[in-house]
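*Asks:*
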Amino acid sequence: MSEPVLIVENLRRLFGETAAVEDLSFTVGKGEVVGLLGANGAGKTTAIHIILGLMKPTSGRVTLFGMDPFKHRIAVLKRSNYASAYSDLPGNLYVWQNLKVFAGIYRVKNADRKIDELLEMLEISHLKKRVTGHLSAGESTRLHLCKALLNDPELLLLDEPTASLDPDIADKVRQLLRRIQLERGIAILYTSHNMRDIEEVCDRVLFMHAGKVVADGSPAEVIAKFDETTMEQVFIRIVRGGDPENRSAPVPVGD
């Protein structure tokens, strides 16, 4: 295990009497790609919001680069970044203007050159002077990735980075992420419902169910542990059965 850039210890988050996250612990090492998996409502988004410092835990703690993200927020954010297919950038700005704003926030040197390099890398240079609000879902997803790479982060949090992408562009994004991770040693925490993403990109996966981690290991190890042939089969089994160790768990039918 490489030196951890992210440590999550005994994390718990309550909303009223409901535990969205319950005793969650894991680490992400330098240069490691970890997939955080689970059905909608499993606790993934809550965990990410806590890691980003957007929400405080009820108990437990998060450490990024050896620091408390709530006490050293600016120092942590300088070294990390986040992209989600489900968040929006200001729609009235041109693509280059949005990226220039974030380049200023992160104090990126030679910002214009950096922006052009990232747009070319993600094959959206032709969108540079397009109004952001007029982009397709797939174009918007790639713009968010450009934004997330502006500050050369050491830790990248990605929420469904290939959502809305056609198979060709999704494959290029997976290859790009792997190349960047290998060349720059970026640690990535990666959420996705696309199991091909997980199998091709992630070194390790964490399956969450009802706020807890119920499986942890490389994609191949997890598949073998549950005696399945694909990650998709493991996902369905955990989501439907609740207890991943119980092969005889009933499978609910209908609503």
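Residue numbers (numbering that gives the first Met the number 0): 0 to 254. Just so it is clear, CB atoms sit at the ideal spot from N, CA and C, and this is done for glycine as well.
1) Compute the beta-carbon to beta-carbon distance between L13 and T45, rounded to the nearest angstrom, for a pair I have assumed lies under 8 Å.
2) Round the Cβ separation of G37 and K43 to the nearest angstrom and send it over; I've been treating them as touching at under 8 Å.
3) For L157 and K77, I'd like the C-alpha separation in whole angstroms.
4) Can you look up V100 in the DSSP assignment and give me helix, strand or coil?
5) Report the option in K70, K55, L134, N150 whose CA atom is closest to the CA atom of V100.
6) For P3, which residues does DSSP report across the bridge?
7) Between C201, L164, D170, which has its C-alpha nearest Q180's C-alpha?
8) Can you tell me whether L142 is helix, strand or coil according to DSSP?
9) G216 lies in the beta strand (DSSP E); which residues open and close that run?
10) Quick one: is K113 buried, meaning 16 or more other Cβ sit within 10 Å of its Cβ, or exposed?
11) For L63, is the classification buried or exposed, using 16 other Cβ atoms within 10 angstroms of its Cβ as the cut-off for buried?
12) Give me the Cα-Cα distance between A147 and L53, rounded to the nearest whole angstrom.
13) Grab me the residues of L88's own chain with a C-beta within less than 6 Å of its C-beta, minus the 5 sequence neighbours each way, in chain order.
14) Is the beta carbon of H192 closer than 8 Å to that of I237?
15) Note down, in chain order, each residue of its chain lying with its Cβ closer than 7 Å to the Cβ of L164, except the 5 sequence neighbours on either side.
16) Can you give the Cα-Cα distance for E8 and G184, rounded to whole angstroms?
17) Given this structure, state the Cα-to-Cα distance separating G65 from V213, to the nearest angstrom.
18) What does a CB cutoff of less than 6 Å around T190 pick up in its chain, not counting 5 residues either side in sequence?
19) In angstroms with no decimal places, state the Cα-to-Cα distance between A223 and T229.
20) CA-CA distance, L175 and K70?
21) For I187, does the three-state DSSP call read helix, strand or coil?
22) On the DSSP bridge assignment, give the partners of L53 in chain order.
23) Nearest to L188 by CA position, among P68, K55, T17, S79, is which residue?
*Replies:* Let me spell this out:
1) Between T45 and L13 the Cβ distance is about 10 Å, and since that is not below 8 Å, they are no contact.
2) Contact between G37 and K43 holds, since their C-beta atoms are separated by about 5 Å, short of 8 Å.
3) Cα to Cα, L157 sits roughly 16 Å from K77.
4) If DSSP states are grouped into helix, strand and coil, V100 belongs with the helices.
5) Taking each of K70, K55, L134, N150 in turn and checking the Cα distance to V100, the smallest one comes out for N150.
6) BP columns for P3 point to G28.
7) Ranking C201, L164, D170 by Cα distance to Q180 puts C201 first.
8) The three-state reading of DSSP puts L142 in helix, counting H, G and I together.
9) Its beta strand (DSSP E) spans residues 211-216.
10) With 16 or more Cβ atoms within 10 Å of its Cβ, K113 is classed as buried.
11) L63 is buried by the Cβ-count criterion.
12) Straight-line Cα distance between these residues: approximately 17 Å.
13) The beta carbon of L88 is closer than 6 Å to those of N97, T131 in its chain, skipping five residues each way along the sequence.
14) Not closer than 8 Å, so no.
15) Cβ neighbours of L164 beyond the five flanking positions: G137, T140, V172.
16) Computed Cα separation, rounded: 24 Å.
17) If you take the alpha carbons of G65 and V213, they lie about 26 Å apart.
18) If we look at T190 and ignore the five residues flanking it on each side, its Cβ neighbours are L35, K43, D158.
19) It is roughly 9 Å from the alpha-carbon of A223 to the alpha-carbon of T229.
20) So the alpha carbons of these two residues sit roughly 33 Å apart.
21) Of the three classes helix, strand and coil, the one that applies to I187 here is strand, per DSSP.
22) Beta bridge pairing from DSSP links L53 with no other residue.
23) Per the Cα distances, S79.
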